[in-house]
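Engineer: Residue numbers (my numbering): 16 to 120.
All C-beta atoms in this analysis are idealised placements derived from N, C-alpha and C, irrespective of residue type, glycine included.
Owing to the predicted nature of the structure, the values given are computational and were not obtained by experimental measurement.
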């Protein structure tokens, strides 16, 4: 059954694909808005999630038809919301991110 999980399915995909994902997920932990409030155990869970996700993404191997933009924000569903990239409250790096993404496609 492992073939249905993305990290395995991508290995046989022939269609170009571009992954866009935050290394961390805002829905993981209640301390996400202020990491100083995280317990050592919570920080370990967050870092383990990051390591597992990066490992899964690299499992697809290198290919000119696959790309990815992996950032370190605590966003959930960041690509699907215009407000993430263009609102006044967006990160100051949004111009750089938009430039990188537009060049990637």
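Helix, strand or coil: how does DSSP classify residue 77 here?
Structural biologist: If DSSP states are grouped into helix, strand and coil, residue 77 belongs with coil.
Engineer: Using the C-alpha atoms, what's the distance from residue 66 back to residue 22?
Structural biologist: Spanning the two alpha carbons is a distance of roughly 14 angstroms.
Engineer: By the three-class DSSP mapping on this structure, what secondary structure does residue 28 have?
Structural biologist: Coil, per DSSP.
Engineer: So what's residue 49 in DSSP terms, helix, strand or just coil?
Structural biologist: If DSSP states are grouped into helix, strand and coil, residue 49 belongs with coil.
Engineer: Quick one: what's residue 83 bridged to in DSSP?
Structural biologist: Paired residue(s): 34.
Engineer: Can you tell me whether residue 85 is buried or exposed, with buried defined as 16 or more other CB within 10 angstroms of its CB?
Structural biologist: By the 10 Å Cβ count, residue 85 comes out exposed.
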